[in-house]
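Visitor: I am attaching a structure below and will ask some questions about it afterwards.
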Amino acid sequence: MKVLKYAHENGCPWDESTCCKAAENGQLAILKYAHEIGCPWDERTCCNAARNEHLDCLKYAHEFGCPWGTPTCRAAAEKGRLGCLKYAHENGCAWDEDTCSGAAYCGHLEILKYAHENGCPWGKTTCNKAAKGGRLEILKYVHENGCPWGEDTCYYAAKNGHMECLKFAHEHGSELNMRALLYGATPQIKDWVQARIFQRRAYD
Numbered sequence: 399m400k401v402l403k404y405a406h407e408n409g410c411p412w413d414e415s416t417c418c419k420a421a422e423n424g425q426l427a428i429l430k431y432a433h434e435i436g437c438p439w440d441e442r443t444c445c446n447a448a449r450n451e452h453l454d455c456l457k458y459a460h461e462f463g464c465p466w467g468t469p470t471c472r473a474a475a476e477k478g479r480l481g482c483l484k485y486a487h488e489n490g491c492a493w494d495e496d497t498c499s500g501a502a503y504c505g506h507l508e509i510l511k512y513a514h515e516n517g518c519p520w521g522k523t524t525c526n527k528a529a530k531g532g533r534l535e536i537l538k539y540v541h542e543n544g545c546p547w548g549e550d551t552c553y554y555a556a557k558n559g560h561m562e563c564l565k566f567a568h569e570h571g572s573e574l575n576m577r578a579l580l581y582g583a584t585p586q587i588k589d590w591v592q593a594r595i596f597q598r599r600a601y602d
């Protein structure tokens with residue numbers, strides 16, 4: 399704090415990045431000082447507070463007018479910050495499919511459940527991200543709760559070497575395509591995909 403005060407009082411410029419860094423590192427006192435003296439802030443302040451689980455910084459920033467939006471919820475979801483996500487949602491912060499997709503890709507099932515149960519939209523990208531990240535339990539959850547398969551769900555599982563996700567998705571209605579064969583991560587995956595594509599063609 400002393401260094402920041404000295405720098406500011408002696409003409410050192412500051413900008414939105416100052417508040418952003420204070421929130422990122424959970425420096426509430428510095429965030430308060432900078433804001434009270436007129437340092438500007440932007441949505442990155444809330445994003446960084448949520449991403450790094452500094453709920454006190456997030457609350458302060460929101461209560462004093464710092465903008466937030468869908469990137470704030472996405473940041474919380476990607477890092478598994480349930481407390482920050484709940485606070486943001488309960489206080490009117492917008493969310494979109496990126497919240498569910500981020501939670502799915504990063505493996506945060508509790509975050510995904512909270513978001514879905516509280517009305518956050520999801521869709522094909524959510525399934526794709528779960529497959530890409532190899533998140534089998536999440537892939538099962540989203541499918542069992544009505545999330546639609548993406549055209550490339552099997553492709554993402556195959557490309558990233560996630561055989562169990564690939565099998566589950568295909569066995570539960572997700573289509574295989576030639577991209578899954580061409581870009582399969584291992585010979586085992588390529589052989590598995592090829593056998594099923596040829597089997598399907600034999601019945602067409």
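Residues 399 to 602 in the numbering used here are what the sequence shown spells out, letter by letter. Even glycine gets a Cβ: it sits at the ideal position worked out from N, Cα and C. Nothing here was measured: the structure is a model prediction, and the numbers come from that model.
1. Of the choices R594, T584, K588, whose alpha-carbon is the least far from that of E569?
2. State buried or exposed for L580, treating a residue as buried only when at least 16 other CB atoms are found within 10 Å of its CB.
3. Between the C-alpha atoms of W493 and C437, what's the straight-line distance to the nearest angstrom?
4. Can you name the start and end residues of the alpha helix (DSSP H) that K477 belongs to?
5. Which word fits D589, buried or exposed, when buried means at least 16 other C-beta atoms lie within 10 angstroms of its C-beta?
6. Taking the alpha-carbon of T470 as reference, which of E434, A583, D496, D454 has the nearest alpha-carbon?
7. Consult DSSP for F596 and reduce its assignment to one of helix, strand or coil.
8. How many angstroms separate the CA atom of W466 from the CA atom of A501?
Guide: Quick look at the numbers:
1. R594
2. exposed
3. 27 Å
4. Looking at the DSSP string, K477 is not in any alpha helix (DSSP H), and its letter there is neither H nor E.
5. exposed
6. Minimum Cα distance to T470 is reached at D496.
7. helix
8. 19 Å
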